Amino acid sequence: MHNMNNLRGIDLNLLVVLDALLAERHVSRTASRLNMSQPAVSHALARLRQLFDDPLLIRRDGQLVPSVRAHEIAPALTEALRQMREVLGPGGFDPAKEKRTFHIMMSDYASAVILPDLLKMLRLEAPGINLAVTQSSREGMLRQVLDGDCDLALGVFPDRPERIEVEQLFVEDYACIADREGLGSDGCLDMESYLARPHMLVAMSAEVNTEIEMALHAIGHTRRIAVTLPHWGNAPRLIEGTDLVLTIARKALSFQEHNPVLAVFEPPFSIPPFSYVQAWHERRGSDPAHLWLRKAIAEVSMSV
Numbered sequence: 001m002h003n004m005n006n007l008r009g010i011d012l013n014l015l016v017v018l019d020a021l022l023a024e025r026h027v028s029r030t031a032s033r034l035n036m037s038q039p040a041v042s043h044a045l046a047r048l049r050q051l052f053d054d055p056l057l058i059r060r061d062g063q064l065v066p067s068v069r070a071h072e073i074a075p076a077l078t079e080a081l082r083q084m085r086e087v088l089g090p091g092g093f094d095p096a097k098e099k100r101t102f103h104i105m106m107s108d109y110a111s112a113v114i115l116p117d118l119l120k121m122l123r124l125e126a127p128g129i130n131l132a133v134t135q136s137s138r139e140g141m142l143r144q145v146l147d148g149d150c151d152l153a154l155g156v157f158p159d160r161p162e163r164i165e166v167e168q169l170f171v172e173d174y175a176c177i178a179d180r181e182g183l184g185s186d187g188c189l190d191m192e193s194y195l196a197r198p199h200m201l202v203a204m205s206a207e208v209n210t211e212i213e214m215a216l217h218a219i220g221h222t223r224r225i226a227v228t229l230p231h232w233g234n235a236p237r238l239i240e241g242t243d244l245v246l247t248i249a250r251k252a253l254s255f256q257e258h259n260p261v262l263a264v265f266e267p268p269f270s271i272p273p274f275s276y277v278q279a280w281h282e283r284r285g286s287d288p289a290h291l292w293l294r295k296a297i298a299e300v301s302m303s304v
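In terms of the UniProt record's numbering, the sequence shown has 54 at position 54, counting the first letter as 1, and numbering is strictly consecutive.
Right, here's the structure in full:
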């Protein structure tokens, strides 16, 4: 590992640019993050390459990939900047004046459960912050976090690669929903009736082995998935007037509690609750704006 003494005499602003480039791996996103022009970031990278006598970031398959030397420098650089920010205090970051676009990945579940309160907070406290929200599978979200294509991913990530950090936002459990017409007077289904019904699955892929399937397999059962769709929001409405059953995260059904057509009830078997988290690359951990956004998301998640 190269000692940080090698960085003496280098303009601190250049090191801030290098830290952001290594996190973003993209000139335009780095420019947006640091509120700089793209030519200024490109010029800073050219100076850094001269100073280190190394390409630092190499263009490959349409993105910038860190060189071996950059990988060696990165941990010490991030730690040094983190310590400097602690010494200098939060005075350099003001959410009311911040102008930046954050790229966040979430399903329409989080868009319904978390985003409304988050947007209200942002408009009041940080009106210059823009959000660009996209969606993918769990694996796709983590890949984009690792590649630097997004700042944060919100979801369920039981298996996560190295260099990904997470924070639990809340613990969620499951509920079932079905049309009241085919249910008994108690408004629910026993195990035999549950297994006899066709089911709707909300997932990005029809071949997903979900927590629900794993819980059923553990007690020796399987269910028939008659419909798979990628959207949480529309799923309950599609149940109306059918014999389908939807087993889904409970908070996604909060808007159906007073629906006269649909009944919400407990699953007839035990499904372990799951941890809903926000995930980010460790290199973004000490960025003050990123830290502020994570705290804002955690705060609004406490009340969902």
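For glycine and all other residues, C-beta sits at the position ideal for the given N, C-alpha and C. Predicted model only: the values in this text are computed from it and were never measured.
Cutoff 6 Å; reference residue i; Cβ partners in own chain excluding five residues on either side
| i | result |
| --- | --- |
| Pro-95 | Glu-125, Ala-126, Trp-292 |
| Leu-201 | Ile-225, Thr-228 |
Residue i versus residue j: straight-line alpha-carbon distance, rounded
| i | j | result |
| --- | --- | --- |
| Leu-122 | Ile-219 | 45 Å |
| Ser-193 | Pro-272 | 21 Å |
| Phe-102 | Tyr-174 | 30 Å |
| Phe-269 | Pro-260 | 25 Å |
| Leu-189 | Pro-198 | 13 Å |
| Ser-42 | Val-27 | 7 Å |
| Arg-284 | Thr-242 | 47 Å |
| Met-105 | Ser-185 | 41 Å |
| Met-191 | Glu-211 | 17 Å |
| Ile-114 | Gly-233 | 13 Å |
| Arg-29 | Leu-64 | 12 Å |
Boundaries of the beta strand (DSSP E) in which residue i is found, first to last residue
| i | result |
| --- | --- |
| Ile-286 | For the sequence presented, residue 286 should be read as Ser rather than Ile. No beta strand (DSSP E) holds Ser-286; DSSP gives it neither H nor E. |
| Met-106 | No beta strand (DSSP E) holds Met-106; DSSP gives it neither H nor E. |
| Thr-134 | 129–134 |
| Gln-239 | Note that residue 239 corresponds to Ile in the displayed sequence, not to Gln. From DSSP, Ile-239 is part of no beta strand (DSSP E) but of the alpha helix (DSSP H) over 235–239. |
| Leu-262 | 262–265 |
As assigned by DSSP and simplified to three states, the class of residue i
| i | result |
| --- | --- |
| Phe-157 | coil |
| Ser-275 | strand |
| Glu-172 | strand |
| Ile-248 | strand |
| Leu-293 | helix |
| Val-113 | helix |
Other residues of its chain near residue i: CB distance less than 7 Å, five sequence neighbours each side excluded
| i | result |
| --- | --- |
| Glu-98 | Ala-126, Gly-128, Ile-129, Ala-289 |
Delimiting residues of the alpha helix (DSSP H) encompassing residue i
| i | result |
| --- | --- |
| Arg-143 | 138–147 |
| Asn-13 | 12–24 |
| Thr-30 | 27–34 |
Cβ of residue i within 8 Å of any chain C Cβ
| i | result |
| --- | --- |
| Ala-203 | Absent from the structure: chain C. Only one protein chain is present. |
Inset, instruction - Counting only runs of 3+ residues fully inside the region 175–231, write out the beta strand (DSSP E) ranges in chain order. - result: Whole beta strand (DSSP E) segments, 3+ residues: 198–202, 224–229.
Legend entry - Those runs of the beta strand (DSSP E) which lie wholly inside the region 43–90 and span at least 3 residues: For the region 43–90, the continuous beta strand (DSSP E) assignments of 3+ residues that do not extend past its boundaries occur at 57–60, 63–66, in sequence order.
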